[in-house]
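Input: a single structure, listed below in C-alpha cells.
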Amino acid sequence: MCALGPYRPDLVETYWRWEQDPSLLVGYGRQSPESLEARTEGMAHQLRGENIRFTVYDLTGDSPVPVGVSTLLPDQGVRTAEFVIMLASEARGRGLGHEATLLTLDYAFHVTNLRMVWLKVLAPNVAGVNAYAKAGFQKAGTLRQSGYWLGQVCDEIIMDAVASEFRGPSAVRKLFAP
1 MCALGPYRPD LVETYWRWEQ DPSLLVGYGR QSPESLEART EGMAHQLRGE
51 NIRFTVYDLT GDSPVPVGVS TLLPDQGVRT AEFVIMLASE ARGRGLGHEA
101 TLLTLDYAFH VTNLRMVWLK VLAPNVAGVN AYAKAGFQKA GTLRQSGYWL
151 GQVCDEIIMD AVASEFRGPS AVRKLFAP
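Residue numbering for the sequence shown follows our numbering, beginning at 1 and increasing consecutively.
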C-alpha cells in the first residue's frame with residue numbers, strides 16, 4: 001500500500017542516493033552520476049518550477065516511509081504531461097510503483113484535468129514496459145536508436161494513457177462520492 005505526498009527539500013539527500021543506483025542510471029539511459037551539490041542546487045530550481053512532483057510513501061509499516069518520486073512534467077498548452085517515476089531499490093517488486101503510477105494518473109486526470117499522460121521507456125526494460133501497461137499505458141510509438149541500455153544503442157518506447165480510458169481506482173473521485 002502506498003500514498004503520494006509533497007516533494008520535500010529535506011529529502012534531497014535521499015532522492016540523490018536513489019538516483020545514484022546503477023539500475024536507475026541504466027534504466028534512464030544516463031551515463032554518469034550527479035554530485036550531491038548539483039542535486040541540491042537542482043532541487044531549489046525544481047521546487048520553483050511548474051512540474052508536479054510527489055514523494056511516494058510505503059504505508060505497509062507503522063509509519064509512512066519515503067520510497068520514491070513520481071513526477072508529471074506538464075505542457076499546459078495542450079493539457080498533457082510526461083510521466084517519470086523513480087523507486088528506491090528496496091521498494092521495487094512489491095507493487096508500490098504500480099500503485100504510485102495509478103495515484104499519479106488519478107491526480108493528473110481528476111485534479112489537473114490533463115487529457116493525456118505519456119512516458120518514454122527503454123525497449124530492453126521489459127519489466128518497465130509491462131508495469132506501465134498494467135497501469136493503463138499503451139504503446140504509442142518508438143524512437144529508434146535513441147537510448148542506451150548496458151552500453152548498447154536501443155530504441156525508446158513511447159507509451160501514453162488518456163483520461164477517457166483511465167480505469168484505475170480513483171482516490172480523488174472517492175472524495176466526492178455521496
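C-beta: ideal position from N, C-alpha, C; glycine also.
Euclidean distance between Cα positions of residue i and residue j
| i | j | result |
| --- | --- | --- |
| L36 | R17 | 9 Å |
| T19 | I52 | It is worth fixing the name first, because residue 19 is Glu in this sequence and not Thr. Near 18 Å, if we compare the C-alpha coordinates of I52 and E19. |
| T55 | L11 | 9 Å |
| P6 | L59 | 15 Å |
| A3 | Q76 | 25 Å |
| E50 | L25 | 25 Å |
| V129 | L114 | 22 Å |
| M1 | S164 | 25 Å |
| S63 | A131 | 26 Å |
| F137 | Y15 | 25 Å |
| M116 | Y107 | 12 Å |
Residue i classed as buried or exposed, judged by whether at least 16 other C-beta atoms fall within 10 angstroms
| i | result |
| --- | --- |
| F176 | exposed |
| L143 | exposed |
| M86 | buried |
| E34 | exposed |
| S70 | buried |
Neighbourhood of residue i by C-beta distance below 8 Å, restricted to the same chain and skipping five residues each side
| i | result |
| --- | --- |
| T112 | I52, L72, P74 and A81 |
| G68 | W18, T55, V56, I85, M86, L87, A88, A91, L96, G97 and A100 |
| A140 | W118, I158, M159 and D160 |
| H110 | S170, V172 and R173 |
| A135 | H98, T101, L102, L105, A161 and G168 |
Neighbourhood of residue i by C-beta, 6 Å cutoff - its chain only, sequence neighbours within 5 removed
| i | result |
| --- | --- |
| T40 | V12 |
Spatial neighbours of residue i in its chain, beta-carbon cut-off 7 Å, leaving aside the 5 residues before and after
| i | result |
| --- | --- |
| P9 | M43 and L47 |
| V65 | Y57 and D58 |
| D21 | S89 |
Problem - Cβ pair count under 8 Å reaching 3, the stretch 85-103 against the stretch 145-152 - result: no
Problem - Cβ contact (3+ pairs, closer than 8 Å) linking the stretch 38-48 and the stretch 120-134 - result: no
Handout entry: Inside the stretch 83-161 only - beta strand (DSSP E) runs reaching at least 3 residues
Key = 116-122 and 138-149
Practice task
Please go through the stretch 3-91 and give each complete beta strand (DSSP E) segment of 3 or more residues, from N-terminal end onward.
Solution key: 52-58, 65-75 and 80-87
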